[in-house]
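Those sequence lines, one after another, are chains A, B, C and D.
In terms of numbering that gives the first Met the number 0, the first sequence opens at residue 0 and continues consecutively.
In terms of numbering that gives the first Met the number 0, the second sequence opens at residue 0 and continues consecutively.
In terms of numbering that gives the first Met the number 0, the third sequence opens at residue 0 and continues consecutively.
In terms of numbering that gives the first Met the number 0, the fourth sequence opens at residue 0 and continues consecutively.
For reference, the structure discussed in these notes is given below.
Number of protein chains: 4
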Amino acid sequence: MPDISIVAIGGYNEIGRNMTAIRIGKDIVVMDMGLRLDRVQIHEDTDVESMPASDLIAMGAIPDDRILEGVDGRVRAIACTHGHLDHIGAISKLAHKYRAPIIATPFTADLIAQEIKSERCGAVNNPVVPLDPGKRYLITQDLELEFIRVQHSIVDAAFAALHTREGTILYANDFKIDRTPTLGEAPDFARLRALGREGVRALITETTNAGVSGKTPSEQIAKDLVKDVLVGTEETRSGVLVTTFSSHIARIRSIIEASQKMGRVPVLLGRSMEKYWHTATRTGYAEKNGLWVCGRRKNIDRALKRIVSEGKDRYLPIMTGHQGEPGATLSRVSNGDTDYLIESGDKVIFSAGVIPQPLNVSNRHAMETKLKMRGARIYDNVHVSGHACREDHWELLRMINPEHVIPSHGNLITHGHYLRIAEETGYSLGSNIHLIRNGQELVLG
Amino acid sequence: MPDISIVAIGGYNEIGRNMTAIRIGKDIVVMDMGLRLDRVQIHEDTDVESMPASDLIAMGAIPDDRILEGVDGRVRAIACTHGHLDHIGAISKLAHKYRAPIIATPFTADLIAQEIKSERCGAVNNPVVPLDPGKRYLITQDLELEFIRVQHSIVDAAFAALHTREGTILYANDFKIDRTPTLGEAPDFARLRALGREGVRALITETTNAGVSGKTPSEQIAKDLVKDVLVGTEETRSGVLVTTFSSHIARIRSIIEASQKMGRVPVLLGRSMEKYWHTATRTGYAEKNGLWVCGRRKNIDRALKRIVSEGKDRYLPIMTGHQGEPGATLSRVSNGDTDYLIESGDKVIFSAGVIPQPLNVSNRHAMETKLKMRGARIYDNVHVSGHACREDHWELLRMINPEHVIPSHGNLITHGHYLRIAEETGYSLGSNIHLIRNGQELVLG
Amino acid sequence: MPDISIVAIGGYNEIGRNMTAIRIGKDIVVMDMGLRLDRVQIHEDTDVESMPASDLIAMGAIPDDRILEGVDGRVRAIACTHGHLDHIGAISKLAHKYRAPIIATPFTADLIAQEIKSERCGAVNNPVVPLDPGKRYLITQDLELEFIRVQHSIVDAAFAALHTREGTILYANDFKIDRTPTLGEAPDFARLRALGREGVRALITETTNAGVSGKTPSEQIAKDLVKDVLVGTEETRSGVLVTTFSSHIARIRSIIEASQKMGRVPVLLGRSMEKYWHTATRTGYAEKNGLWVCGRRKNIDRALKRIVSEGKDRYLPIMTGHQGEPGATLSRVSNGDTDYLIESGDKVIFSAGVIPQPLNVSNRHAMETKLKMRGARIYDNVHVSGHACREDHWELLRMINPEHVIPSHGNLITHGHYLRIAEETGYSLGSNIHLIRNGQELVLG
Amino acid sequence: MPDISIVAIGGYNEIGRNMTAIRIGKDIVVMDMGLRLDRVQIHEDTDVESMPASDLIAMGAIPDDRILEGVDGRVRAIACTHGHLDHIGAISKLAHKYRAPIIATPFTADLIAQEIKSERCGAVNNPVVPLDPGKRYLITQDLELEFIRVQHSIVDAAFAALHTREGTILYANDFKIDRTPTLGEAPDFARLRALGREGVRALITETTNAGVSGKTPSEQIAKDLVKDVLVGTEETRSGVLVTTFSSHIARIRSIIEASQKMGRVPVLLGRSMEKYWHTATRTGYAEKNGLWVCGRRKNIDRALKRIVSEGKDRYLPIMTGHQGEPGATLSRVSNGDTDYLIESGDKVIFSAGVIPQPLNVSNRHAMETKLKMRGARIYDNVHVSGHACREDHWELLRMINPEHVIPSHGNLITHGHYLRIAEETGYSLGSNIHLIRNGQELVLG
């Protein structure tokens, strides 16, 4: 009988650059191929799109997949479970090494196709296969991939269940337990519970927020917060700018909805705003209606000019720049580089937290300082997380009840928090919960 | 023409023991007489109810009102703007020194009457006069007190506007700008805006959260969070305990409402739970229906026994102890002193934050550790604050547009944050915004 | 050939209650039997001395040694590597279960004998055998124990090397790399380096400060800091009180030395001050000269009275209470319970940090608040740690170069930090560095 | 009789860009003209040397001295009390507006002359007059300036006492109470105490560390720490790099001294290292001996090449880059841009803390990450502060006993901490301790 192993390639020692290989006998299925953005950021003037994989590996920015050379097997498929860069951002650098299809939910697949197209360093020819949650894909005679609907801070997120003769491996990165999502349906708890009953050989799961007590609030709470900030004020005539994650379609829709309550016209501004919104319209997550969306700098500047001339109080610009990224629309506004000049009392709403990397903290600080010097009022962290917290993990673990648990997508501290949750549920380190490090292979007993 | 001065008696150097005197010529109106609980707590075995005022003054627990002896005037009225102990807790120690009525909104007045009754150290005979928000009380020929409805984490909170020949003084402690409260109506913005138009001589206001960016979320958000935690779970059969502020009637009602969605019977447990709930029923903030409320230890223990015997999954006990106070119901549960024994998977919901005093932090830590050792799952901070944040202060200040601003109810750090808000609105330190310290009198220019 | 295993009994999941068993074939040697004080503290009115072991195990206060029942072997010796309570505090509760001698360096052995004597719950009859660092003790034909001199925040600290036919196991808890100690000699680097050359099978080591960058400063720095604070001031006539760890004889000697530079007479006050100082004089770490030492409350109070009457500026009282422990001498001073009344400008020097447990933080806060209310000036953290920091661990690991490393004496977070150090040195998780949890046995490959 | 006023121009609302004007009748003396570096840093590609004053004022980088236009008087002298950029960095932008000499201690005067020379935007022609501590300078018939020796993290720091007919104003920015400095003598306590006896009308003083408890350790402690880190190790053959403040001559000398104990040749590398060291040799604070000092990039690179070729273990490079400043020598080393390639085990000693600005934190993080990726071992914060802590302020205040106290050089939070110290010493806000904001003039009563 074929044995099963889990190979930690990336994301086991850090947040970012996720990549896991699951080997069943001589067949390998790769889960995710992600980018670690903060490693790119600390090297000034790094142009990821034109850098070769070897350099990106050396700087720790993408998974070091050379360890697969020592693993006895062939990659049969690559599955990506959602469209964030730390899950798909290395596809264009690494996938061509493997003659295998890339399987992803429709929204994710569309993004992957765009990633591949924008790559300047080499050609990735792997077929990209969209697969709906709830559906299955036959990888080999003995290997079947199933996507299960979950919720995360991007649409079309899924768990990947790999059904093998030796049992099912459930790859559960990233997710939140949200019973009242604002876009799409709740996670497919019925299917997850059924999997638990059928028996799961191993659960590979993220630990990002395992140290945060309680449960992650529903995205509905974020929607309420957005509305509360935008509508629950006595100052209704000033300029209002909102910035949020471009890929967070649900959130953007909540902001658009609130803009209607305010009687303002929403406008999406920024290159990645355009990219993700268009992807969403193509895949049915947003309507192809007449929403004003500007991606190119020239168009953005023209839009801002028009907004100012027609009246700031008639529009709600929704823009890139929530982390203070240089060159993003809000950063340019903060520098006074556009016609939208901040005046005393204008509001800037961050529907996002600060990603706790020193460079983000610094960029945000610089941008906020400039905005405040111009008189802006700042509304920070109008946001809820997309990652499961401690009690959500506890629920999932009890629901799935796997033989083995392998924390991935985190560092030793977040894995340590997860380990305690697992111990409280009855697992024991080294016996059925396993800490592995990038570059290690765990053979399931 | 009579001059006006503001005398900082307590709460200007610290959070707690609020007391302000406003002198108009020879007439003085006192605003609030509060207790500073953390000063009581660091002295072990302190029994406030039987301690004389002088000792409590010496330990910094109540305002040092002896400074009024040097102020040339007579106290004509004492107004309390809401029912928290840091606003009314020194009434029973200090009010008898002044031959003046105590004026408060109905809920607050009821609590004050109870405070006075429970005092063991001396008799307070001042009349307690309930006054509805929106109504006025004639103190002297030339002095009129008006209450204006606001929102806070307790019902029936009000601002006090003191109308004098020299203009209006607005005492605004404590409040939040909540346009969608879950109990009672939104603050009376129309009246506040009218006051602003009429002209306000001085605004005395709290600064507790002036350093917290953005706006305080509506209590509606807390209600949503409570529901999300209680209902948004796949683990529906375990025991669930909730603890929150006894005086936060709105929150308790949200919890009761959620209990109905869960199909569980709510039960209020704890001495102060009973006290505030009964006050709420008497004043119309809660229905006098058959809700199960137990205040005495014997009754609490009997109730918990019955809950266990009939099934933990049929009840939702709502209890005291959110700060880990020794002797509170949840503390006793955590010690295994009741029949409600925590089992693995039972949930404990804290619909409260930890008040950031070391003793609270320690008590909470001890209680949570014990609960976890018994297998409890902890849901922390299912809560939003009742204090205005930075942008709420900015809004209020622009709405009222007072000649002078005097930060009260805070320390130098929170006052410093407020000062910056005021400077951004056009005020200038020493000229029309004034930092004063406990024991100082500010004569308005 | 006999196999070797390491059994994690206590201190592997937490800071405190250290206990490790090393099994060589059927022979077991136990290292340390400690108490976890913070678990005692959160249960009010816990009297450790009169509680049975089972209760203390249930509350997580002492190691759960019942797991040894499932280990196939017999305890032949118990070795304690220094005299802190988290290493010897459970001797009086657990040692009697094993017919084995307790081996410790002289200072430690003296403390153990006192622990045993003060136990009220049962009789511990194990012989206590003093063993000097550099000396060896034959446990069985095939098992030899060697103590190696190190430095820590208590005198006579040692590593324990267990020489077996299968190689040497080095138990290295707790230590600092101090080349310029103020009492005793530097760690025996020559012997440690020799051990490294001979080959060490496994290193078991603490991780308390593994997350703190750099090296722990020498105790010489603490001595300099003490002198700087006491002598480097222009205010030389006020009362000065010092509090520090009673067991930290080196520090106390530095304070005494500084007192002489100040021209003040040092006085040791407090029950544990007396206990440790007398132990130090018996074992040659302090002179039996006429130093004034008071342990009993009556004597302390008399001494403080005399100090006040003769002049605060003639004495330097060195007292218990650095963590604000209720009942300790400084706590009593802060409450005004002695004749030494704090006056404005009196200085209180904490030659200790705050142990980061909420109860300590709370106790310290309460005590400092009271001291400040009386006018005291506070000098905090005139101290350096006794635990190795990151680079010290890195040095030790390279010096010893063991086949296997087992982090002990820490929690998952500190172990995680250590793991990274070991990885940087070439070790690999699961292969030659092993994370084990309380209750687990690791068989060395 | 002429009245006296204090005009807060810069540094009263923030750390940085210090500038104070003291007006005595119609005569004005300006104290310090500094730069706020973090405001420069958040604006990318800002070239201070070629920017006009107006732009730098607009971005808050230099004091807005236009408020002096509204002050009735003429600037008679500009005094700079030490050579850090936040005290002299705006001289080259602002001093030419005033026909007045610039008076400074010799080391400071030399730096000012260099600042003026490097200015590309306009000509500053004011005479620069060196004045030794202990000496006096007659500004007008009625105005005399005296410098009093203090200690700070740069040599030749002084207090400025302005003797007027209305009494003495003591400007005390920045300082530490160090009785055992390693370079130069202790502060002139005798003169300070004499000033206190003679009577000081007003004390203007910094509050940077007023919130830090205790006393700032002597620079002797830093020297001991440096030695402990460099010499107190068993790893003696690896490469060692040290980085520290270029202007901190005392520290650099301690490092040089330790290098001799290590048997390594010290080498100073970096443009500002060269600048300050040469200034020190010119002014007698360092010997003009054969120390190897390289300022230009070409020379630095040549030196590093030679160090590597002759053996890393023969040299101790002391370099710029402690805050991770892009382009500084250590940053270039971390990027692999020099021949000194970091190998596993090489040590990097930061004899500096991280200046708590987000951009510094980010730069340091990036640099440390790169250094660690190359195998460096990091020794952080081998440092003590140059700013007085709480008890030092308390001592100075009691020593000087001024009629009025004006906190400067800080923000509302640090001023708040200082205010409490002053209150504990008997001062009262608004009466004899005054909080003023940039742009305000305080007329002394």
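Where is the CB? At the ideal position from N, CA and C, for every residue including glycine.
Beta-carbon neighbours of residue i, restricted to chain B and to distances below 7 Å
i        : result
D:Ile412 : Ile412 and Gly415
D:Arg436 : Leu428
A:Trp276 : What A:Trp276 touches in chain B: nothing, since even the nearest Cβ is about 26 Å away.
Proximal residues of chain C, C-beta to C-beta of residue i below 9 Å
i        : result
A:Arg389 : In chain order: nothing, as chain C lies at least about 14 Å away.
B:Ile41  : Ser361, His364, Ala365, Met366, Thr368 and Lys369
Of the listed residues the options, nearest to residue i (C-alpha basis)
i        : options                                   : result
B:Gln439 : B:Ala201, B:Asn12 and B:Tyr97             : B:Asn12
A:Gly352 : A:Ser384, A:Met366, A:Asp26 and A:Ala375  : A:Ser384
B:Gln219 : A:Gly213, A:Gly231, A:Val211 and A:Thr215 : A:Gly231
B:Tyr97  : B:Pro216, B:Asp64 and B:Arg436            : B:Asp64
B:Cys120 : B:Met50, B:Ala189, B:Thr280 and B:Pro180  : B:Met50
D:Phe244 : D:Glu423, D:Val154 and D:Arg313           : D:Val154
A:Leu34  : A:Leu67, A:Gly82 and A:Ala375             : A:Gly82
Sequence-distant residues of the same chain with beta carbon closer than 6 Å to residue i, five excluded per side
i        : result
D:Lys304 : Asp338
D:Met90  : The displayed chain sequence assigns Ile, not Met, to residue 90 of chain D. Same-chain partners within the cutoff: Met32, Ile111 and Glu114.
C:Lys214 : Cys388, Glu390 and Asp391
8 Å Cβ cut-off: residues of chain D touching residue i
i        : result
C:Thr179 : Asp227 and Gly231
C:Lys214 : Asp227, Val228, Gly231, Thr232 and Tyr378
C:Glu394 : Thr232, Glu233 and Glu234
Beta-carbon proximity list for residue i, same chain, < 7 Å, skipping 5 on both sides
i        : result
C:Leu370 : Ser333, Ile341, Val347 and Ile377
D:Val225 : Ser253, Ile254, Ala257, Ser350 and Val381
A:Arg373 : Ile341
C:Val149 : Ala156, Ala157, Phe158, Phe174 and Pro186
Under 8 Å by beta carbon: chain C residues contacting residue i
i       : result
B:His59 : According to the sequence displayed, residue 59 of chain B carries Gly and not His. Residues of chain C passing the Cβ test: Met372.
Presumed contact (8 Å Cβ cut-off) between residue i and residue j, rounded CB distance
i        : j        : result
C:Ala209 : C:Ile420 : 6 Å
B:Ser407 : B:Gly10  : 6 Å
A:Pro1   : A:Ile21  : At roughly 12 Å, the Cβ-Cβ gap does not stay under 8 Å, so A:Pro1 and A:Ile21 are not in contact.
Residues near residue i in its chain [Cβ-Cβ closer than 8 Å; skip 5 each side]
i        : result
D:Asn124 : His95
B:Met366 : Gly320, Gly323, Leu329, Ser330 and Ser333
Within chain A, partners of residue i - CB distance below 7 Å
i        : result
C:Thr418 : The sequence shown places Leu at residue 418 of chain C, rather than the Thr named in the question. Under the 7 Å cutoff, chain A gives Leu411.
D:His364 : Pro357
B:Phe188 : Glu233
Contact list for residue i against chain B, beta-carbon separation under 8 Å
i        : result
A:Gln219 : Asp223 and Asp227
Can you list the alpha helix (DSSP H) stretches of 4 or more residues lying completely in the region 163 to 241 of chain B, in chain order? Unbroken alpha helix (DSSP H) runs of no fewer than 4 residues, entirely contained in the region 163 to 241 of chain B, are found at 188 to 197 and 218 to 230, following chain order.
Which runs of the alpha helix (DSSP H), 4 residues or longer, sit entirely within the region 247 to 271 of chain B? Within the region 247 to 271 of chain B, the runs of alpha helix (DSSP H) that reach at least 4 residues and sit entirely inside it are, in chain order, 248 to 261.
Start-end ranges of the beta strand (DSSP E) lying completely within the region 310 to 357 of chain D, minimum 3 residues: Entirely contained in the region 310 to 357 of chain D, the beta strand (DSSP E) runs reaching 3 residues are, in chain order, 314 to 318 and 346 to 350.
Segments of 3+ residues assigned as beta strand (DSSP E) that fall wholly inside the region 95 to 160 of chain B: As far as the region 95 to 160 of chain B is concerned, its whole beta strand (DSSP E) runs of at least 3 residues are 101 to 103, 127 to 129, 135 to 139 and 142 to 148.
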